[in-house]
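Q:
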Amino acid sequence: MLQKRALVFLTITTTLLIGLLLFPIASLAAGETEKQDSIEDLETMTYKEKENYFDKQTKRINNSYEVNEVFSEKDEKIIKAAARFEENKMKPQFVDQEWRFFGSRINDSIGISGQVSGNVYIDVGWWNHTLSVNGTVDGTNGVDQSRVRVHFVSYGLIGSSGVGKTNDFWLNSGWVKNNYATLNTSHDFSGNIVYHTTDVYGELQNNRGTLVIPGRAI
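Just so you know, we're using the working numbering here: the sequence shown kicks off at 288 and counts up by one.
1. Could you tell me whether the region 462-479 touches the region 408-425, using the rule of 3 or more Cβ pairs below 8 Å?
2. Give the DSSP bridge partners of PHE476, in chain order.
3. Helix, strand or coil for ASP362, going by three-state DSSP, please let me know.
4. Using only the alpha-carbon positions, how far apart do SER400 and GLY429 sit?
5. Tell me whether ASP342, by its Cβ, gets closer than 7 Å to a heavy atom of the ligand ZN.
6. Please name the residue, chosen from ASP486, GLN402, PHE439, GLU330, that lies closest to PHE372 on a Cα-to-Cα basis.
7. With DSSP as the reference, label SER433 as helix, strand or coil.
8. Should ARG503 go down as buried or exposed, given a rule of 16 or more other Cβ atoms within 10 Å for buried?
9. State buried or exposed for PHE456, treating a residue as buried only when at least 16 other CB atoms are found within 10 Å of its CB.
10. VAL354 and THR453: beta carbons closer than 8 Å?
11. Buried or exposed: ASN465, going by 16 or more other Cβ atoms within 10 Å of its Cβ?
12. Roughly how many angstroms separate the alpha carbons of ASP431 and ASN349, rounded to a whole number?
13. For ILE393, which residues in the same chain have their Cβ closer than 6 Å to its Cβ, ignoring the five residues on either side in sequence?
14. In whole angstroms, what is the alpha-carbon distance linking ASP328 and ASN493?
15. According to the neighbour-count rule (16 or more other Cβ atoms, all chains shown, within 10 Å of its Cβ), is ARG434 buried or exposed?
16. On the CB-based measure, 16 or more other CB atoms within 10 Å of its CB, does LYS364 come out buried or exposed?
17. Please state the DSSP three-state secondary structure of GLU336.
18. Grouping DSSP H, G and I as helix and E and B as strand, with all else coil, what is ASN459?
19. Where do the N-terminal and C-terminal ends of the beta strand (DSSP E) with GLU385 fall, by residue?
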C-alpha cells in the first residue's frame, strides 16, 4: 500500500454569467466590516487581486452551503459581485461556452513532472444543460496512478427571493494504474443558473511526495 500520495492538481476556475436580468446585482456598499480583502475594497483592487478575491470567496461559499440552501446576505452579495465582475468576459445568455486549459510543473525532489490539458464545454439551455469534459493528465514514469476530476458548482434563484447553489457535482475518471489518465465524458443536469464555477484537477500519485500544478485558461 502506498505510504504517501502525490497529487497533481490542475485548477482552472471558469465562470459563466447567465440570466443577469433575472439576478439583479446588489450594491457593494452595504456593511461588510472585514479589514482586509473585504467586498468594499473591490474598487481599489487590481484586476488580479479581484480574481484572487473571488476565487477564494467562491471556494469558501461552496464549502459552506448545501444545494438549495439560501445564502446569507453577505455571501449573496459576494456571488452577485463575482457575476458582475465576469460580465464583460462572458458571451450572451444561452450561448454555448467552451474553455481550453493547460498546466505543467516539475518537482525534482520527488522525481515527478507532469502536465494537464484539454477543454471544458457547457451547453446552456433555459433549464436543462450539459457539461462536457475532455481532459488528460500525463506524468513521468515515476507515477504509480493517475486520474482527472472536475468539480462544477452553479448558483441561482432559490425559492421566491433567495440565492444559493443549484448544482454541486463531480466528474471523475477514477484511478488508472498508469502515468496518464483521460476523462472524456458528458453530464446532463438541470436548474436555474445565473453563475457557475468549474474546477479541473489532474492528479498523479507515487510514494515520495506531492506535486501541485496550477492550470491556466488558454
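Quick reminder that beta carbons are idealized off the backbone N, C-alpha and C, glycines included.
A: Considering the structure as presented:
1. yes
2. HIS416
3. helix
4. 9 Å
5. Ligands in the displayed structure: none, and consequently the ligand ZN is not present.
6. GLU330
7. strand
8. exposed
9. exposed
10. yes
11. exposed
12. 31 Å
13. SER400
14. 42 Å
15. buried
16. buried
17. helix
18. strand
19. 384-394
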